[in-house]
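Residue numbers (the numbering used here): 44 to 140.
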């Protein structure tokens, strides 16, 4: 699916609607240019799922961000800098999935 959102409110509304369709262990992949709003979408999605959105930040440099709230965990992973398959194991992707 491709969504072209023009405003922050559009992004927030989509995240709210999208969050109602998610089930435990679902995997969501976002693709877009740097600065296209992927992390903003994640921030709204995390908020819609009941997590505090204040700590959401782009994992471009850390690669993996983990958000834990009330016994639930969301992993926010940025694969932009991953160049080799081995690096996926190094960041613990197998354990996360």
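From the three backbone atoms N, C-alpha and C, an ideal C-beta is built for every residue, glycine too.
With DSSP as the reference, please indicate the residues paired to residue i in a beta bridge.
i: residue 112; result: 115
i: residue 71; result: Answer is none; residue 71 lacks a bridge partner.
Kindly indicate the opening and closing residues of the alpha helix (DSSP H) around residue i.
i: residue 56; result: 51 to 62
i: residue 85; result: 81 to 91
i: residue 48; result: Element bounds for residue 48: n/a, residue is neither H nor E.
i: residue 131; result: 128 to 133
Which of the three DSSP states is assigned to residue i in this structure?
i: residue 139; result: helix
Buried or exposed: which applies to residue i, given that a residue is buried once 16 or more other Cβ atoms fall within 10 Å of its Cβ?
i: residue 77; result: exposed
i: residue 132; result: exposed
i: residue 94; result: buried
Are the Cβ atoms of residue i and residue j separated by less than 9 angstroms?
i: residue 87; j: residue 58; result: yes
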